[in-house]
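*Asks:*
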Amino acid sequence: MKTIETGRLSDLAQALSAAGYRVVAPMEEGGVVRFREWAPGLAIAPGVVPANSLKDFLFPRSEVVARFALEPGGFSPAPVERSAVKTAVLCARPCDAAALAALDAVFNWDYRDGAYNARREAATVVSLACSKADEHCFCTSVGGAPDGVAGADAILRPADGGRLLVLDALTEKGRALDQAAAGALAEGPAALDAPAALPRRFDPEAVGRWLAANFESPFWKEAALACLGCGACAYACPVCHCFDLQDETDRAECRRLRNWDSCGFGLFTLHASGHNPRPDQSARWRQRVMHKFSIYPQKFKTLACTGCGRCSRLCQAGMAIAATCERIEALGR
Amino acid sequence: MKALREAAEKLLREKRVSLVIGYEGRKGRPAFFAAKPEDCGRLAYDASCRQNLAAYLGKPEIRARLPVALVAPPAVLRSIVVMSAESQVAPGQVLALAVDGDSYLGTFDAAGAAELLRAKYSTLAPEPALLERVQGLLQKSPAERAAFWEAEFSKCTRCYACRAACPGCYCSRCIVEKNAPQWISTAALGHGNYTWNVMRAFHQSGRCTLCGACEAACPQGLPLMLLNAALDREALEEFGSRPGYDPEAKPLIGSWSADDDHSYMR
Numbered sequence: 001m002k003t004i005e006t007g008r009l010s011d012l013a014q015a016l017s018a019a020g021y022r023v024v025a026p027m028e029e030g031g032v033v034r035f036r037e038w039a040p041g042l043a044i045a046p047g048v049v050p051a052n053s054l055k056d057f058l059f060p061r062s063e064v065v066a067r068f069a070l071e072p073g074g075f076s077p078a079p080v081e082r083s084a085v086k087t088a089v090l091c092a093r094p095c096d097a098a099a100l101a102a103l104d105a106v107f108n109w110d111y112r113d114g115a116y117n118a119r120r121e122a123a124t125v126v127s128l129a130c131s132k133a134d135e136h137c138f139c140t141s142v143g144g145a146p147d148g149v150a151g152a153d154a155i156l157r158p159a160d161g162g163r164l165l166v167l168d169a170l171t172e173k174g175r176a177l178d179q180a181a182a183g184a185l186a187e188g189p190a191a192l193d194a195p196a197a198l199p200r201r202f203d204p205e206a207v208g209r210w211l212a213a214n215f216e217s218p219f220w221k222e223a224a225l226a227c228l229g230c231g232a233c234a235y236a237c238p239v240c241h242c243f244d245l246q247d248e249t250d251r252a253e254c255r256r257l258r259n260w261d262s263c264g265f266g267l268f269t270l271h272a273s274g275h276n277p278r279p280d281q282s283a284r285w286r287q288r289v290m291h292k293f294s295i296y297p298q299k300f301k302t303l304a305c306t307g308c309g310r311c312s313r314l315c316q317a318g319m320a321i322a323a324t325c326e327r328i329e330a331l332g333r
Numbered sequence: 001m002k003a004l005r006e007a008a009e010k011l012l013r014e015k016r017v018s019l020v021i022g023y024e025g026r027k028g029r030p031a032f033f034a035a036k037p038e039d040c041g042r043l044a045y046d047a048s049c050r051q052n053l054a055a056y057l058g059k060p061e062i063r064a065r066l067p068v069a070l071v072a073p074p075a076v077l078r079s080i081v082v083m084s085a086e087s088q089v090a091p092g093q094v095l096a097l098a099v100d101g102d103s104y105l106g107t108f109d110a111a112g113a114a115e116l117l118r119a120k121y122s123t124l125a126p127e128p129a130l131l132e133r134v135q136g137l138l139q140k141s142p143a144e145r146a147a148f149w150e151a152e153f154s155k156c157t158r159c160y161a162c163r164a165a166c167p168g169c170y171c172s173r174c175i176v177e178k179n180a181p182q183w184i185s186t187a188a189l190g191h192g193n194y195t196w197n198v199m200r201a202f203h204q205s206g207r208c209t210l211c212g213a214c215e216a217a218c219p220q221g222l223p224l225m226l227l228n229a230a231l232d233r234e235a236l237e238e239f240g241s242r243p244g245y246d247p248e249a250k251p252l253i254g255s256w257s258a259d260d261d262h263s264y265m266r
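Read top to bottom, the protein sequences are chains A and B. Letter 177 of the first sequence, counting from 1, is numbered 177 in the working numbering, and no numbers are missing. Letter 53 of the second sequence, counting from 1, is numbered 53 in the working numbering, and no numbers are missing.
1) Given A:D261, which residues of its chain have a CB within under 7 Å of its CB, disregarding the five upstream and five downstream residues?
2) Using 10 angstroms around the beta-carbon of B:M265, count the other beta-carbons present and answer buried if the total reaches 16, otherwise exposed.
3) Give me the chain B residues within the contact set of A:A51, using Cβ-Cβ distance strictly less than 9 Å, ordered along the chain.
4) In the structure shown, what three-state DSSP assignment does A:Q246 receive?
5) Is there a Cβ from chain A that is less than 8 Å from the Cβ of B:R163?
6) Relative to the C-alpha of B:D100, which residue among B:D109, B:P74, B:S257 is closest?
7) So A:T306 and A:V239 are in contact, right, with Cβ under 8 Å, and what is the actual spacing, rounded?
8) What did DSSP end up calling A:F265 once you bin it into helix, strand or coil?
9) Look up A:V166 in the DSSP assignment and say whether it is helix, strand or coil.
10) Consider the C-beta atom of B:E238 and the heavy atoms of the ligand GDP; say whether any pair is separated by less than 7 Å.
11) Using a Cβ-Cβ distance under 8 Å, would A:L257 count as near chain B?
12) I want to verify the contact list: residues of chain B whose CB lies under 9 Å from the CB of A:R286, in sequence order.
13) Reducing DSSP to helix, strand and coil, say where A:K292 ends up.
14) From A:A51, A:A88, A:A18, A:L90, pick the residue whose C-alpha is nearest to that of B:K155; which is it?
15) Please confirm whether B:Q51 has its beta-carbon closer than 8 Å to some beta-carbon of chain A.
16) Does the beta carbon of B:S185 sit closer than 8 Å to a beta carbon anywhere in chain A?
17) Using the Cα positions of A:L198 and B:E86, report the straight-line distance between them to the nearest angstrom.
18) Below 8 Å on the Cβ atoms is my contact criterion, and I expect B:L137 with B:F148 to pass it. Report the Cβ-Cβ distance as a whole number of Å.
19) Skipping 5 residues on each side, what residues in its chain have a beta carbon closer than 7 Å to that of A:L331?
20) Quick one: is B:T209 buried, meaning 16 or more other Cβ sit within 10 Å of its Cβ, or exposed?
21) Quick check on this structure: which residue in A:V24, A:C227, A:E5 has the alpha carbon closest to the alpha carbon of B:Y56?
22) With DSSP collapsed to three states, give me the class of A:D56.
23) How many Å lie between A:R120 and A:H271 at the Cα?
24) Under the three-state reduction of DSSP, which class applies to B:F153: helix, strand or coil?
25) Interface residues of chain B around A:P230 at Cβ under 9 Å?
26) Measuring CA to CA, which of A:A122, A:L303, A:Q287 is closest to A:F293?
27) How many whole angstroms separate the CB atoms of B:Q51 and B:A213, which I take to be in contact at a CB cut-off of 8 Å?
28) Using the C-alpha atoms, what's the distance from A:C325 back to A:R393?
29) State yes or no: is the beta carbon of A:S62 nearer than 8 Å to at least one beta carbon in chain B?
30) Of all the options A:R67, A:G30, A:L9, which has the alpha carbon lying nearest to the alpha carbon of A:V126?
31) Give the straight-line distance between the Cα atoms of B:P219 and B:L117, rounded to the nearest whole angstrom.
32) Taking 8 Å as the CB-CB cut-off, is A:E248 touching chain B?
33) Assuming B:G192 is part of the alpha helix (DSSP H), what are its boundary residues?
34) Helix or strand or just coil, what does DSSP make of B:S84?
35) Compare the Cα-Cα distances from A:C311 to each of B:N179, B:C159, B:W196, B:P251 and report the closest residue.
36) Should B:P73 be flagged as near chain A, meaning a C-beta pair shorter than 8 Å?
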């Protein structure tokens, strides 16, 4: 087996960096672990689900999608630089990698999104199997597993009580990474640790059935009472991908920005007329739950939730989508 | 906590409020909405309750159900007084179930809350450790301070959890959402992030009750209380402003006085 000591993940990052990869990994800063670009000297923190998801590196929170140079008497389109850097994401969670199928589906649906696909093709995703889960994790309820390989190009599996990680390449990209990292890997025996035991909390198909029949239900008013309407859940979600296009101008040019958007915001789907088909927080929370568990599976045959639990882990008001799904399943019985 | 639950139950039973907004006694102490007297047994309060429940007073679905009662530690009592002073809640529409540590202190309207605060909490001040960090920052050069904040603000995703957490952020359309003209860049990057975060803090100067809910809500762990506490000190030292003690007080940034210091005008 190809192994690396858990405490020496930086060696793996160093080897990949030397082989020409930009390395992205979870690192602690100011008390928060998040995926960011690795640099020599930075310690990789593989122990927890990072606050952000790997979506940040495929679909950044803001990007310029078009430019217009302002000239006397008019304007003309200006080129937008499109460069996707060859990137290795280390210690992605299986729930992060599983989200890629859902993102690929929407960014290649009625239009092939050049910016997303370029970054996607340039990215090699190395998952880290989970040997523990917290009370917010629920991947097993949405078709995933703590040691799931969906979406991953390679996977690191904890072994020998967490001391070692065993690397398995799963795709062509994964094998290329494996070769590039050879210098940092050892060959030898290792006893794989058991993946986290995570009981299934709800059946997403039963949730989807209730949702399809209960667009108008008093449940929504009560279920959304605590929601304060920020975008924290959507922005941390590995699957949420709504965006807003906004033109911003200075004296030299106009930039067309693609910014993340969230169905939690009051401005979401607000029409120029002042009408909003989702006029209150309950309609917006319903949108969030329906999109993930009813609309998306109908349209793309995949859920738009991978059970990473980020949304409920960080919600200031204690909104928890798994608990909502449990209640919905109970309503459908 | 028995006294708190009984007081909440009584308010609902006597139909003095339609809703009691408190914290639920399970892990994480999430917000809990008791609409029936029998729900009140689930209420709890302890120091781990970081959310400022007065933020719900700006939510239309809650406003539609006024009068309501809130479980309110001292900083939240101050928020209720500020909102009352800023005409965001009419007299009698909000009752505070005042709590502090393990104690339930009684049920108060905004005027009563202000009286309690003046009598019992007149010396509320930011935590010494927080003030020390503010002092540490103030001793740095402007360039060093700017570099510190640039690094912090670069993490901001513009999810606006800080705004949602804050009872003072009740504008139905925030300045960051106004685009004719575009006051603040919407890109969650450098300049726009800097402007947004400074603007948010500035709009709270002399209005912030230092409850800490914004910082607790920030998924990126931005040290927002450093900004809030620095502005709180400015407001106090330059204008004698102590928000949340007088339901008749005009908000500092919404008022003007001939006695204000004009020495900066030359």
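For glycine and all other residues, C-beta sits at the position ideal for the given N, C-alpha and C.
*Replies:* Reading from the atomic positions:
1) Excluding the 5 residues flanking it on each side, A:D261 has same chain C-beta neighbours closer than 7 Å at C242, F243, D244, F268, in chain order.
2) Per the 10 Å Cβ criterion, exposed.
3) Those within 9 Å of A:A51 in chain B are P219, Q220, G221.
4) Residue state, collapsed to three classes: strand.
5) At least one chain A Cβ lies under 8 Å of B:R163.
6) Among B:D109, B:P74, B:S257, the Cα nearest to that of B:D100 belongs to B:P74.
7) Between A:V239 and A:T306 the Cβ distance is about 6 Å, and since that is below 8 Å, they are a contact.
8) Residue state, collapsed to three classes: coil.
9) In the structure shown, A:V166 sits in a strand (DSSP, three-state: E or B).
10) This structure does not include the ligand GDP; it has no bound ligands of any sort.
11) Answer yes: the Cβ-Cβ gap between A:L257 and chain B drops below 8 Å somewhere.
12) What A:R286 touches in chain B: nothing, since even the nearest Cβ is about 13 Å away.
13) The DSSP-derived three-state label of A:K292 is helix.
14) Cα-wise, what sits closest to B:K155 is A:A51.
15) Cβ-Cβ to chain A under 8 Å: yes for B:Q51.
16) At least one CB of chain A lies nearer than 8 Å to the CB of B:S185.
17) Looking at the two C-alpha atoms, the distance is approximately 49 Å.
18) The Cβ separation is near 7 Å, so the contact holds.
19) Hits under 7 Å: W210, F219.
20) The residue in question, B:T209, is buried, as its Cβ has 16 or more Cβ neighbours within 10 Å.
21) Of A:V24, A:C227, A:E5, the residue nearest in Cα terms is A:C227.
22) DSSP places A:D56 in the helix class (H, G or I) of the three-state scheme.
23) Spanning the two alpha carbons is a distance of roughly 33 Å.
24) In the three-state scheme derived from DSSP, where H, G and I count as helix and E and B as strand, B:F153 is classed as helix.
25) The identity of residue 230 of chain A in the sequence shown is Cys, whereas the question assumes Pro. Within chain B, the residues near A:C230 are C159, Y160, A161, C162, R163, A164, A165, A217.
26) Closest in C-alpha terms to A:F293, from the list A:A122, A:L303, A:Q287, comes A:L303.
27) Cβ atoms of B:Q51 and B:A213 come within 8 Å of each other, at about 6 Å.
28) Shown here, chain A extends from 1 to 333; a query on residue 393 of chain A therefore has no answer.
29) At a cut-off of 8 Å between beta carbons, A:S62 contacts chain B.
30) Of all alpha-carbon atoms in A:R67, A:G30, A:L9, the one lying nearest the alpha-carbon of A:V126 is that of A:L9.
31) Cα to Cα, B:P219 sits roughly 31 Å from B:L117.
32) Residue contact check for A:E248 against chain B: a CB pair falls below 8 Å.
33) Per DSSP, B:G192 belongs to the alpha helix (DSSP H) from 190 to 203.
34) Helix, per DSSP.
35) Among B:N179, B:C159, B:W196, B:P251, the Cα nearest to that of A:C311 is on B:C159.
36) It does not: the Cβ of B:P73 has no partner Cβ on chain A nearer than 8 Å.
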